[in-house]
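K.L.:
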Amino acid sequence: MDILYKVFVEPFVFMGEAPDLLIQTLWEGLVSGVLYALIALGFVLIFKASGVFNFAQGIMVVFAALILVGLYEKGVPAFLALILAAAAMLVLAVVVERVVLRPLVNQPDIILFMATFGLTYLLIGFGELIFGGNPREMITGALFLPQGTTEIDALGGSIRLQHLDIAAAVIASIMIGLLAVFFSKTRIGRALRAVADSHKAALSVGISLNQIWVIVWFAAGLVALVAGIMWGARSGVSFSLQIIALKALPVLILGGFTSIPGAIIGGLIIGVGEKVGEFYWGPLVGGGVETWLAYVIALLFLLYRPQGLFGEKIIERI
Amino acid sequence: MLYREAGQFKTNYVSDSAIFPLREDRIGLGLIILAAYALAFLGNSFLLQAVMIPFLVFSLASIGLNILTGYTGLLSLGTGAFMGVGAYACYKLMTAFPEVNVIVWIFVSGFFSAAVGALFGLPSLRIKGFYLAVATLAAQFFLQWCFIRIPWLVNYNVSGALDAPLRTLFGIPIMGPNATPQVRYLVVLTIVILLTWLASNLVHGRIGRMWIAIRDMDLAAELMGIRPLQTKLLAFAVSSYYCGVAGALLVFLWYGGAEYDVFNINQSFFILFMVIIGGLGSLIGSFFGAALIFIMPIVLGIVLPAALSPFGIAVGADTIEHLRFIIVGALIIFFLIVEPHGLARLWQIGKQKLLVWPFPY
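Read top to bottom, the protein sequences are chains A and B.
Sequence positions in the first sequence follow our numbering and run 26 to 343.
Sequence positions in the second sequence follow our numbering and run 2 to 362.
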């Protein structure tokens, strides 16, 4: 009975007693959820358009951030460095399309998945060779990202809001809004959606797959750059960031691999669930549940809805 | 000239369904096994300790994952954790019952990881592909967390690490600080050969055909009367058994002691590399993959400094490490482009060419 009380009653009592802590936890969860969603978005873009499960998304985040910081440290002005980093992502997209995707077209998914593993290794080695393995500080000041915190006295306590977190949420929202407009209103966006629906049909109406792939990889690269700046500002730019990219996987599962709104909502659910679980239930089992809670949430969710929240319904035929 | 089909007639069903229908293949296999045993007495201890033992251990783990991913078509990223379950189970068993021979416990520990594997395999009935891969990540992170947080698993020792106690077989130390690489190599080799033989029989028999049917099209297989749940769970259990034994060997016969960190997510990816590069659905591919992925970085580490020094490029150890990453990554992509079906397919093509050599067909 004692254990049942501790699991099912006590955390809720605690939430009721200290609503400020609850709000704080929810806020932190939402912020990390937005950032997970940002990484997941990169996965979804590529998965939709080319069916490739891009494992290298995580390292692309690190790589983009490293280029930005590395250039800035060499004396390049921050905003020029930003543009150059974006250009580097374009080069990467072109090279990946030429060297990896084109020869492997029409191969099984797992082979392409594996190829992005190879790409991950390549980028890790390349990044460390050029920039060294030491963690870097993100250039928040030079990019005019706000710093500092605001404390709001409410609900019998104070809630700390990091300005950076607010900025991250705003920027991520803008990014997602821009992508939504891009997908629904522009010619290229429509072509992307056509490719996502059916490669063959898209080819037959004259859409160039190769071009589309470059574009989505570039778009994913830009998303990676933004994610890299935001994560980098929170926890420094280092290669350990790519582990965070793995956290995007349960987000994808929750949202469905092919859905952009799914990636966002999945990200928020995972972010909040993780923080709340860690804060209220973590101590019962000795803490550190943050490392696996997201996956377990996703796993349990999958048992009820295998295609995710917004994924396309899986219809199987022989 | 030496490798010919001509004159070898199959006169009954047994010889027709033999795994090695050619006499040359059987002789070749015998020679390889003989050479592997001879290596214990000819090779120096660096070769045995740093190359051969891990190669065999990783081959065994690859066979395990290959049964799941290659033969049954279920993608798993939890290999490292299943290896860990085997290692921790082996540690608990052999410290709790020191009087029973450790070889027995190495084999028994596999059953624990088989049970855990089957448990985490349950979602595989409803989900597949990358969704399943992410579900197995739950196993990876959850089990790794258990290894850290449950001190009972390491008998409450302060360091939280597994260490290999002294254990003997016929009076010769095979585990612990006194065991020579030679003896440990022989033990590992024997276990790997035994389990490979078992796996070969499994995948060529009824069970293996069921797995393959599920892989190729699970709906059709179900209509033919194969039960998906049992078949998939069996694949998970057998696969995890192999991984568990490999994990126990990894810690106690190779490292001689390890922490939870050995079984992290990178280990899982590492094994997956081996399976895919070696060839999905091929036992010999598992060995090729392990050889390529494990031994190649070692060779590069030795060759690169030597190759670069004539150009006057003095390179530090960390640069070598980075170059190694780049080369391994590039080679993975290269091999996938050249032969997406893995090294096993290259091997098959080579044998086919050899059969008709010197003619093109």
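The beta-carbon is built from N, C-alpha and C at its ideal position, and this holds for glycine as well.
Just so we're clear, the structure is a prediction, and the values are computed from it rather than from any experiment.
Enumerate in chain order the residues of its own chain whose CB-to-CB distance from residue 128 of chain B is below 7 Å, with the five nearest sequence positions on each side excluded.
P.N.:
Cβ within range, chain order: 136.
K.L.:
Just mark residue 211 of chain A as buried or exposed, buried being the case when its beta carbon has 16 or more other beta carbons within 10 Å.
P.N.:
Exposed, because fewer than 16 other Cβ atoms sit within 10 Å of the Cβ of residue 211 of chain A.
K.L.:
Quick one, which of A:142, A:159, A:149 and A:138 has its alpha-carbon nearest residue 130 of chain B's?
P.N.:
Measuring from the Cα of residue 130 of chain B, the nearest candidate turns out to be A:138.
K.L.:
Count the other CB atoms, across all protein chains shown, that sit within 10 Å of the CB of residue 163 of chain B; report buried if there are 16 or more and exposed otherwise.
P.N.:
Result: buried.
K.L.:
So the candidates are B:351, B:264 and B:206; which of them puts its Cα closest to the Cα of residue 15 of chain B?
P.N.:
For residue 15 of chain B, the nearest C-alpha among the options comes from B:206.
K.L.:
Give a yes or no on whether the C-beta atoms belonging to residue 294 of chain A and residue 61 of chain A are separated by under 7 Å.
P.N.:
Cβ atoms of residue 294 of chain A and residue 61 of chain A: not closer than 7 Å.
K.L.:
Return the first residue and the last residue of the alpha helix (DSSP H) that residue 255 of chain A is part of.
P.N.:
Counting along the chain, the alpha helix (DSSP H) containing residue 255 of chain A begins and ends at 234–260.
K.L.:
Need the endpoints of the alpha helix (DSSP H) that residue 174 of chain B sits in, please.
P.N.:
Here residue 174 of chain B belongs to no alpha helix (DSSP H); instead the beta strand (DSSP E) covers 173–176.
K.L.:
For the pair the segment 142–150 of chain B and the segment 82–96 of chain B, tell me if three or more CB-CB distances fall below 8 Å.
P.N.:
Because the criterion of three Cβ pairs below 8 Å is met, the segment 142–150 of chain B and the segment 82–96 of chain B touch.
K.L.:
Please tell me whether residue 119 of chain B has its Cβ less than 7 Å away from any Cβ of chain A.
P.N.:
So, not an interface residue.
K.L.:
Does the CB of residue 252 of chain B have a neighbour CB from chain A at under 7 Å?
P.N.:
So no, residue 252 of chain B is outside the interface.
K.L.:
In the DSSP output, what is residue 258 of chain B paired with across the bridge?
P.N.:
Answer by DSSP bridge pairing, in chain order: B:164.
K.L.:
Looking at the C-beta of residue 87 of chain A, does it have a partner C-beta in chain B at a distance below 7 Å?
P.N.:
No, residue 87 of chain A lies away from the interface with chain B (no Cβ there is under 7 Å from its Cβ).
K.L.:
In the DSSP assignment, find the unbroken alpha helix (DSSP H) run with residue 83 of chain A in it and report its ends.
P.N.:
Looking at the DSSP string, the run of the alpha helix (DSSP H) that includes residue 83 of chain A is 82–98.
K.L.:
Check whether the Cβ atoms of residue 202 of chain A and residue 208 of chain A lie closer than 7 Å to each other.
P.N.:
Not a contact, by the Cβ cut-off of 7 Å.
K.L.:
Three or more C-beta pairs closer than 8 Å, one from the segment 263–280 of chain A and one from the segment 117–137 of chain A: is that the case here?
P.N.:
Verdict: no, contact absent.
K.L.:
Measure the C-alpha to C-alpha separation of residue 65 of chain A and residue 134 of chain A and round it to an integer number of angstroms.
P.N.:
Straight-line Cα distance between these residues: approximately 18 Å.
K.L.:
So with Cβ pairs under 7 Å, would you call residue 326 of chain B a contact of chain A?
P.N.:
Closer than 7 Å to some Cβ of chain A, the Cβ of residue 326 of chain B qualifies, so yes.
K.L.:
How long is the line joining the alpha carbons of residue 281 of chain B and residue 215 of chain B, rounded to whole angstroms?
P.N.:
Rounded to whole angstroms, residue 281 of chain B to residue 215 of chain B spans 15 Å at the Cα level.
K.L.:
Which residues, taken in chain order from the segment 145–158 of chain B, show a beta carbon closer than 8 Å to some beta carbon of chain A?
P.N.:
Answer in chain order: 145, 146, 149 and 150.
K.L.:
Closer than 7 Å, CB to CB, is residue 331 of chain B near chain A or not?
P.N.:
It does: the Cβ of residue 331 of chain B has a partner Cβ on chain A nearer than 7 Å.
K.L.:
Can you give the Cα-Cα distance for residue 256 of chain A and residue 155 of chain B, rounded to whole angstroms?
P.N.:
So the alpha carbons of these two residues sit roughly 36 Å apart.
K.L.:
What does the alpha-carbon distance come out to for the pair residue 218 of chain A and residue 245 of chain A?
P.N.:
Roughly 15 Å between the two C-alpha positions.
K.L.:
Do residue 336 of chain B and residue 296 of chain B have their C-beta atoms within less than 7 Å of each other?
P.N.:
Contact flag unset, no.
K.L.:
Just checking, does the segment 105–114 of chain A make contact with the segment 229–239 of chain A on the three C-beta pairs under 8 Å criterion?
P.N.:
Taking 8 Å as the limit for Cβ pairs, the verdict is that the segment 229–239 of chain A does not touch the segment 105–114 of chain A.
K.L.:
For residue 370 of chain B, which residues does DSSP report across the bridge?
P.N.:
There is simply no residue 370 of chain B to check, as chain B begins at 2 and stops at 362 in what is shown.
K.L.:
Does the CB of residue 132 of chain B have a neighbour CB from chain A at under 7 Å?
P.N.:
Answer yes: the Cβ-Cβ gap between residue 132 of chain B and chain A drops below 7 Å somewhere.
K.L.:
Quick check: residue 171 of chain B and residue 149 of chain A, are their CB atoms within less than 7 Å of each other?
P.N.:
Contact flag unset, no.
K.L.:
Would you call the segment 73–87 of chain A and the segment 313–322 of chain A in contact, with 3 or more CB pairs under 8 Å?
P.N.:
The segment 73–87 of chain A vs the segment 313–322 of chain A: no contact.
K.L.:
Could you spell out the range, first to last residue, of the alpha helix (DSSP H) harbouring residue 274 of chain B?
P.N.:
Segment 266–279, the alpha helix (DSSP H) holding residue 274 of chain B.
K.L.:
Taking the CB atoms as reference points, tell me whether residue 167 of chain B and residue 158 of chain B lie closer together than 7 Å.
P.N.:
Not a contact, by the Cβ cut-off of 7 Å.
K.L.:
For residue 153 of chain A, count neighbouring Cβ atoms within 10 angstroms of its own Cβ and tell me buried if that reaches 16, exposed if not.
P.N.:
Counting Cβ neighbours within 10 Å, residue 153 of chain A comes out buried, since at least 16 surround it.
K.L.:
Do residue 262 of chain A and residue 34 of chain A come within 7 Å of each other at the CB atom, strictly closer than that value?
P.N.:
Taking 7 Å as the Cβ cut-off, residue 34 of chain A and residue 262 of chain A do not qualify as a contacting pair.
K.L.:
Any idea what DSSP makes of residue 127 of chain A, helix, strand or coil?
P.N.:
Residue 127 of chain A falls in the coil class under three-state DSSP.
K.L.:
Does residue 124 of chain B come within less than 7 Å of chain A when only Cβ atoms are used?
P.N.:
For residue 124 of chain B, the answer is yes, since a Cβ of chain A falls inside 7 Å of its Cβ.
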